[in-house]
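First up is the structure itself, then whatever we jot down about it.
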Amino acid sequence: MSNAVGAAARRVGALRAQVVDPASSSRQTPQEAPSARVGLVDWFFGASGIGGKRASFTVAVLGAAGGIGQTLSAFIKANPKVAELRLYDVAPVVRGVAADVSHVNTRAKVSGYVGDDELEACLRGCDLVIIPAGVPRKPGMSRDDLFGVNAGIVRTLCEGVAKTCPNAIVNIISNPVNSTVPIAAEVFKNHGCYDARKLLGVTHLDVMRAKTFVAAAKGFDDPTLVDVPVIGGHAGTTILPLLSQTTPRCSFTPEEVSALTSRIQNGGTEVVEAKGGAGSATLSMAAAAAEFADACLRGLSGESGIWACAYVESKATRAPFFATKVLLGRNGVERVAGTGTLSSYEKRALESMLPELEASIKKGINFLHS
Ligand SMILES: NC(=O)c1ccc[n+]([C@@H]2O[C@H](COP(=O)([O-])OP(=O)(O)OC[C@H]3O[C@@H](n4cnc5c(N)ncnc54)[C@H](O)[C@@H]3O)[C@@H](O)[C@H]2O)c1
Ligand SMILES: O=C(O)C[C@H](O)C(=O)O
């Protein structure tokens with residue numbers, strides 16, 4: 107399996123600005139001087155950006171005025187595959203966020219939408235809807251503690267999707283992802299428009315963390331070249347990094363497996379505690395969501411071999427929703443991979459997390475029927 111989702115990030119740092127010699131440039135008029143290419147698109151998306159496929163997709167970010175939403179919107183504005191970027195929030199400042207982001211000199215046209223009355227206009231004709239709306243954790247809280255507020259927010263927003271753009275790919279970021287994705291599925295089923303291929307819970311931040319922490323532990327200079335599948339769900343022990351499937355191939359002592367698994371599982375809590383009550387991961391999440399959205403758009407564009415981990419309807423285990431690698435294509439998820447061969451540590455960890463994951467899924471489904 108290729109690790110296509112990291113391709114954009116691998117190109118970060120390969121900024122191909124032409125360096126203009128100050129001695130020679132001082133003799134040139136601005137018209138004669140070679141134009142330095144310091145393009146944002148070039149920086150993030152390399153060859154697939156400038157001169158690459160033309161912008162064609164309409165993307166909405168719901169919760170765009172928030173910590174994740176604002177940064178994510180700026181990243182999405184830089185994606186050359188995006189023709190239109192719609193920013194929605196219940197907070198009126200989202201119009202200002204849209205004005206701000208719109209000044210970035212890329213092709214995407216940006217507009218802001220506020221409140222229930224404008225949700226439909228925001229969603230009309232969207233190809234991809236990304237949902238980071240909802241409250242974040244504070245120290246001492248679990249992701250499940252957010253269910254009471256976020257379940258209703260996700261239900262309302264997905265009802266809007268079902269009514270207005272039922273064929274869009276939906277990326278759910280709002281926690282608890284283990285339950286909010288089943289909630290979204292039930293909403294779509296109620297509206298007769300559920301397509302399992304188009305509903306994806308975003309667990310890509312867990313993969314980013316795994317790459318970062320494994321690269322540091324093993325002395326790999328470039329974390330983007332490391333691949334660690336992360337399976338299961340997105341909370342505590344339901345997050346299961348498959349260190350035995352790490353590429354480049356490397357071995358881990360039992361102590362390393364235990365320490366790295368625990369750090370990846372608790373990466374979110376690490377940030378929540380470091381922020382001391384001011385929220386959870388926003389910047390790394392925005393980067394993860396932008397990479398993941400790019401993978402979805404590349405799939406929609408007809409690129410082949412786009413694999414990424416995501417929390418989707420799955421038969422990989424007895425849990426009806428489960429994260430493994432999935433193949434992204436023109437209709438969303440084209441194939442859901444299995445777990446692959448697990449180490450005995452991973453087998454035990456999988457067995458012991460399944461009851462929690464199944465309970466979270468049931469809680470999400472029951473929310474729509476209570
Ligand atoms: N999946 C992941 O890996 C991951 C990672 C980080 C955070 N999260 C989750 O993402 C969510 C957002 O986090 P954040 O830090 O951006 O929070 P935030 O509070 O900074 O932003 C949330 C935004 O959602 C908006 N919002 C609330 N209700 C809304 C509604 N009905 N419609 C539209 N917008 C609405 C708020 O006005 C706010 O602008 C949280 O639930 C957090 O737990 C998930
Ligand atoms: O930890 C959180 O509450 C936010 C997010 O799920 C994360 O993993 O960073």
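In terms of our numbering, the sequence shown opens at residue 107 and continues consecutively.
The beta-carbon is built from N, C-alpha and C at its ideal position, and this holds for glycine as well.
Predicted model, so just to flag it, every value in this text is computed and none were measured.
Look at Ile259 here: in three-state DSSP terms it is helix. Annotation: the region 283-320 contains the following complete segments of the beta strand (DSSP E) (minimum length 3 residues), in chain order: 305-307. Going by DSSP, Leu463 is part of the alpha helix (DSSP H) stretching over 450-473. Taking 7 Å as the cut-off, the C-beta of Leu311 counts as close to a heavy atom of ligand 2. Distances from the CA of Lys468 to each of Thr359, Pro288, Phe319 were compared; the closest alpha carbon is that of Pro288.
Taking the CA atoms as reference points, Val235 sits about 7 Å from Ala274. As a beta-bridge residue in DSSP terms, Pro347 pairs with Val336. The region 361-371 makes no contact with the region 457-471: fewer than 3 CB pairs, one atom from each, lie closer than 8 Å. Around the C-beta of Thr353, fewer than 16 other C-beta atoms lie within 10 Å, and the residue is accordingly described as exposed.
Contact between Thr330 and Cys415 is absent: CB atoms are separated by about 15 Å, not below the 8 Å threshold. In this structure, Leu389 places its C-beta atom within 8 Å of the C-beta atom of Thr177.
When the Cα atoms are used, Ala316 and Asn437 turn out to be separated by approximately 28 Å.
Counting only runs that start and end inside the region 357-387, there is no beta strand (DSSP E) element of at least 3 residues.
Distances from the CB of Tyr451 to the heavy atoms of ligand 1 are all 7 Å or more. By the neighbour-count criterion, in which a residue is buried when 16 or more other Cβ atoms sit within 10 angstroms of its Cβ, Lys183 is buried. When Pro245, Ala189, Lys215, Gly266 are compared, the shortest CA-CA separation from Leu168 is found for Gly266. Rounded to whole angstroms, the Cβ separation of Glu419 and Ser350 is 25 Å, and the two are not in contact under 8 Å. Per DSSP, Ala422 lies in no beta strand (DSSP E) and is assigned neither H nor E. By the neighbour-count criterion, in which a residue is buried when 16 or more other Cβ atoms sit within 10 angstroms of its Cβ, Ser458 is exposed. For secondary structure counted as the beta strand (DSSP E) over 3 or more consecutive residues, the region 150-236 holds these complete runs in sequence order: 163-168, 188-195, 215-220. Residue nearest to Pro198 within the set Val207, Lys215, Ala170 is Ala170 (criterion: CA-CA distance). At a threshold of 7 Å, Ala341 does not count as near ligand 1, since its beta carbon sits no closer than that to any of the ligand's heavy atoms.
Straight-line spacing of the CA atoms in Gly173 and Ala257 works out to 19 Å.
When the alpha-carbon of Gly307 is set against those of Phe319, Tyr300, Ser280, Phe294, the nearest one is in Ser280. Bounds of the beta strand (DSSP E) holding Phe427 are 427-435.
Closest by C-alpha distance to Leu305, out of Ala387, Asp328, Pro272, is Pro272.
Taken through DSSP and simplified to helix, strand or coil, Cys271 comes out as coil. The straight-line gap separating the alpha-carbon atoms of Gly339 and Val313 is approximately 12 Å.
Burial is judged here by how many other beta carbons sit within 10 angstroms of a residue's own beta carbon; Asp223 has fewer than 16 and is exposed.
The criterion of a C-beta distance shorter than 8 Å is satisfied by Val220 and Asp195.
Annotation: the continuous alpha helix (DSSP H) that includes Gly405 extends over 389-406. In chain order, Thr423, Arg424, Ala425 place their CB closer than 8 Å to the CB of Leu460, counting only its own chain and leaving out the 5 sequence neighbours on each side. Secondary structure of Ala322 (DSSP, three-state): helix. A straight line joining the alpha-carbon of Thr344 with that of Arg213 spans about 40 Å.
Leaving aside the five residues that flank Val293 on each side, the residues in its chain whose CB is nearer than 7 Å to its CB run, in chain order, Arg261, Cys264, Glu265, Ala268, Leu474. Taken through DSSP and simplified to helix, strand or coil, Thr353 comes out as strand.
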